[in-house]
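Q: Quick one: structure below, then a few questions.
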Amino acid sequence: MKLTLREALKLNIMKKMKLIVGEKGIKREITKVGILDYEMDEVIVENFNEGEFALSTLVSIKDDISKLYSMVEKLIEVKASGLAIKSIFFDRIPDDVYKVASKNEFPIFIFNETYFEDIITEINNEIYLRSISKNVETKIDKLINESLSKFSVRSIAKEINSEFNETHIVGSLKLINEDKYKSSLEYMLNLDYMISEKDKLVFYKDKYFFIKTFENNIKEYRKNTESMYGDLVSLGFKVDDYIIAFSDMHSELAELDISLNESLYALDYLLVNKEKSISYREIGMNKFLLALKDNEWIEKYYYSLIAPILKYDKENNSYLLETLDNYIRFSSDVKKTAEYMHQHGNTIRYRITKIKELVKGVCSEETFLSEYSIIINLYRIYNKGL
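Heads up, the sequence shown is in the UniProt record's numbering, so the first residue is 1 and it goes up one at a time.
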């Protein structure tokens, strides 16, 4: 997990910095922090590296601000991530410096109250914490995306946490209101330290994985998921501020790869159906639909059955797809579908008949309901809802 200038600016130590120029460059990665006070021109090239964030009072050019131009040129040349100037001698930059920084999307900041040592310490600490997190994220990636032997899965799981028990559940948690929670990695890692040594809280991309392990004789799934809610409350996560999806309970740590993917599929289901929580065992046929949604043959099958309906709706400003969705939801009960849609029963019958006419070349009368119950679910998955 790289530390960009954009992310670094969220740190308390950086909040008083004023960005003067180079806003488009705050996507640059910071690899380290260095002090630039006496280096000039070629010395900058020799001493500074790509991604380095330079701090300076500009003491070496305090009598000739025009020399700042060549300093910035050299920092751009070595692909430094940016320059922060402490306003002891200057509180603005010359126009030519502004122009070259803007042209090269090179961020320049002005600040006055913060010590260099504090900035260096906090940013380097964040870089270190991110390297730890990246290491765990890489292991999680392998478990999710690679086909591994049970031996390999168990080995990686023990690398993530050597204290894991065998029996486990994984919860995929996504915050609804991220602004309520501190975003620093240090805060997240502190949460991990607060939970049981037998468990693990991992920040992964835009979500958390809560890996909860249990003594092997504890087999009550519902009680175990409820205990996970309790753990999250103790960590400061309010129930209304997140959605969570649980894997099944697995009795072998060698199945952690399966558990992670189950929780992700269940989370996808939550996002599609706009629900608050669910377990993998509750998502029905979506278990295989979510697992196969990117399969070339599934996509081809899906489009062959959905395209005629979408085309007709678009060309005629009609509601065949919506009608079909409700018709299947109410188990092909015309009366309930009509009542729900505030339509006459004959209108529903006409629309369903029209759909059958449109797809008669790719779907038979006998398999219509079974096939379109799959197609409608796939439509929700591909479009995050209907």
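We put the beta carbon where it would ideally sit given N, CA and C, even for glycine. Bear in mind the structure is a predicted one, so any value in this text is a computation, not a measurement.
Report buried or exposed for SER172, applying the criterion of at least 16 other Cβ atoms within 10 angstroms of its Cβ.
A: Taking the sequence shown and counting its residues from 1, one reaches residue 172 at position 172. The residue in question, SER172, is buried, as its Cβ has 16 or more Cβ neighbours within 10 Å.
Q: Report buried or exposed for ASN377, applying the criterion of at least 16 other Cβ atoms within 10 angstroms of its Cβ.
A: Working through the sequence shown from its first residue, we reach residue 377 at position 377. So ASN377 counts as buried.
Q: Taking the alpha helix (DSSP H) that GLY82 falls in, what are its first and last residues?
A: Here residue 82 refers to the residue found at position 82 when the sequence shown is read from its first residue. No alpha helix (DSSP H) holds GLY82; the beta strand (DSSP E) holding it covers 82-86.
Q: Tell whether a beta-carbon distance below 9 Å holds between LEU305 and TYR372.
A: Your numbering for residue 305 matches position 305 in the sequence shown. Your numbering for residue 372 matches position 372 in the sequence shown. Yes, Cβ-Cβ distance for LEU305 and TYR372 is below 9 Å.
Q: Using a 10 Å radius around the Cβ and a threshold of 16 neighbouring Cβ atoms, would you call LEU321 buried or exposed?
A: Within the sequence shown, residue 321 is the residue found at index 321, counting from 1. Per the 10 Å Cβ criterion, buried.
Q: Hey, out of TYR303, THR57, LEU175, THR367, whose CA is closest to TYR115's CA?
A: For this step, residue 115 is matched to residue 115 along the sequence shown. Among TYR303, THR57, LEU175, THR367, the Cα nearest to that of TYR115 is on THR57.
Q: Would you say HIS168 and SER259 are within 9 Å of each other, going by their C-beta atoms?
A: Position 168 of the sequence shown, counting from 1, holds the residue named residue 168. Position 259 of the sequence shown, counting from 1, holds the residue named residue 259. It is a contact, given that the beta carbons lie within the stated cut-off.
Q: As an exercise, report each continuous alpha helix (DSSP H) stretch of at least 4 residues that is fully enclosed by the segment 328-358, in chain order.
A: The segment 328-358 contains these whole alpha helix (DSSP H) runs: 334-341, 345-358.
Q: Could you work out which residue in SER251, ASP241, ASN104, ASP96 is closest to VAL170 when comparing CA atoms only?
A: By 1-based counting over the sequence shown, the position of residue 170 is 170. Minimum Cα distance to VAL170 is reached at SER251.
Q: Measure the C-alpha to C-alpha separation of ILE26 and ILE20 and round it to an integer number of angstroms.
A: In the sequence shown, the residue the question calls residue 26 occupies position 26. In the sequence shown, the residue the question calls residue 20 occupies position 20. For ILE26 and ILE20, the distance between alpha carbons rounds to 12 Å.
Q: Roughly how many angstroms separate the alpha carbons of ALA101 and PRO107, rounded to a whole number?
A: In the sequence shown, the residue the question calls residue 101 occupies position 101. In the sequence shown, the residue the question calls residue 107 occupies position 107. So the two alpha carbons sit approximately 7 Å from each other.
Q: Look up GLU252 in the DSSP assignment and say whether it is helix, strand or coil.
A: As a first step, residue 252 must be located in the sequence shown, where it is residue number 252. Note: GLU252 maps to coil in three-state DSSP.
Q: Locate the beta strand (DSSP E) running through SER56, then write down its first and last residues.
A: Counting from one through the sequence shown, the residue named residue 56 turns up at place 56. Where SER56 is concerned, the enclosing beta strand (DSSP E) stretches over 52-56.
Q: How is the alpha helix (DSSP H) around GLY230 delimited, first residue to last?
A: Mapped onto the sequence shown, residue 230 falls at position 230. From DSSP, the alpha helix (DSSP H) with GLY230 extends over 221-234.
Q: If you draw a straight line from the C-alpha of LYS174 to the C-alpha of LEU270, how long is it?
A: Residue 174 sits at position 174 when you count from the first residue of the sequence shown. Residue 270 sits at position 270 when you count from the first residue of the sequence shown. Cα-Cα distance, rounded: 10 Å.
Q: Give the straight-line distance between the Cα atoms of ASP95 and LEU68, rounded to the nearest whole angstrom.
A: The residue you call residue 95 lines up with position 95 of the sequence shown. The residue you call residue 68 lines up with position 68 of the sequence shown. Going from the Cα of ASP95 to the Cα of LEU68 covers about 11 Å.
Q: Between GLU163, ASN161, VAL239, PHE164, which lies nearest to ILE176 when the distance is taken from Cα to Cα?
A: In the sequence shown, the residue the question calls residue 176 occupies position 176. Comparing Cα positions, the closest option is VAL239.
Q: Which residue from GLU77, ASN286, SER155 puts its Cα closest to that of ASN49?
A: Translated into the one-based positions of the sequence shown, residue 49 becomes position 49. Here the closest residue by C-alpha is GLU77.
Q: Does the beta-carbon of LEU185 have 16 or more other beta-carbons within 10 angstroms, so that it is buried, or is it exposed?
A: Residue 185 sits at position 185 when you count from the first residue of the sequence shown. With a pLDDT of 47 at LEU185, under the threshold of 50, the modelled position of this residue cannot be trusted, and the question is left open.
Q: Measure from the alpha carbon of LEU289 to the alpha carbon of each residue in ARG380, SER277, MET14, ILE156, then state which is nearest.
A: Sequence index remark: in the sequence shown, residue 289 carries index 289 (1-based). Of the candidates ARG380, SER277, MET14, ILE156, the one whose C-alpha sits nearest the C-alpha of LEU289 is ARG380.
Q: Hey, out of TYR128, GLU126, ASN124, LYS158, whose CA is closest to LYS139's CA?
A: For this step, residue 139 is matched to residue 139 along the sequence shown. It is LYS158 whose Cα lies nearest to the Cα of LYS139.
Q: From the DSSP output, in three-state form, read off THR4 for me.
A: As a working note, residue 4 is residue 4 in the sequence shown. The answer is strand: DSSP assigns THR4 an E or B state.
Q: Measuring straight from C-alpha to C-alpha, what distance separates GLY361 and THR347?
A: For the purposes of this step, residue 361 is taken as residue 361 along the sequence shown, with counting starting at 1. For the purposes of this step, residue 347 is taken as residue 347 along the sequence shown, with counting starting at 1. In a straight line, the C-alpha of GLY361 is about 23 Å away from that of THR347.
Q: Kindly indicate which residue of ARG92, SER162, ILE13 has the alpha-carbon position closest to the one of GLU126.
A: Counting from one through the sequence shown, the residue named residue 126 turns up at place 126. Ranking ARG92, SER162, ILE13 by Cα distance to GLU126 puts ILE13 first.
Q: Look at the alpha carbon of LYS18 and the alpha carbon of TYR312, and state the distance between them as a whole number of angstroms.
A: For the purposes of this step, residue 18 is taken as the residue at position 18 of the sequence shown. For the purposes of this step, residue 312 is taken as the residue at position 312 of the sequence shown. The straight-line gap from Cα to Cα measures roughly 55 Å.
Q: In angstroms, rounded to a whole number, what distance separates the CA positions of ASP41 and VAL59?
A: Here residue 41 refers to the residue found at position 41 when the sequence shown is read from its first residue. Here residue 59 refers to the residue found at position 59 when the sequence shown is read from its first residue. Those two C-alpha atoms are separated by around 15 Å.
Q: Starting from LYS311, follow the alpha helix (DSSP H) in both directions and report where the run begins and ends.
A: Taking the sequence shown and counting its residues from 1, the one referred to as residue 311 is at position 311. That run of the alpha helix (DSSP H) goes 296-316.
Q: Please list, in chain order, all residues of the same chain as GLU117 whose beta carbon is under 6 Å from its beta carbon, the five residues on each side excluded.
A: Counting from 1 along the sequence shown, the entry for residue 117 is found at position 117. Nothing meets the Cβ criterion.
Q: By Cβ distance, which residues of its chain are closer than 7 Å to ILE65, with the 5 residues on each side in sequence left out?
A: Position 65 of the sequence shown, counted from the start, is the residue given in the question as residue 65. The residues are PHE90, PRO94.
Q: Exposed or buried, which one is SER279 when buried takes at least 16 other CB atoms within 10 Å?
A: Here residue 279 refers to the residue found at position 279 of the sequence shown. With 16 or more other Cβ atoms within 10 Å, it is buried.
Q: Tell me whether ARG353 is buried or exposed, calling it buried when 16 or more other Cβ atoms sit within 10 Å of its Cβ.
A: Within the sequence shown, residue 353 is the residue found at index 353, counting from 1. In the sequence under discussion, the amino acid at residue 353 is Thr, which differs from the Arg named in the question. Result: exposed.
Q: Can you tell me whether GLU186 is helix, strand or coil according to DSSP?
A: Residue numbering aside, residue 186 sits at position 186 when the sequence shown is read from its first letter. The predicted position of GLU186 is uncertain, since its pLDDT is 49 and thus under 50; a value taken from the coordinates is nonetheless stated next. GLU186 falls in the helix class under three-state DSSP.
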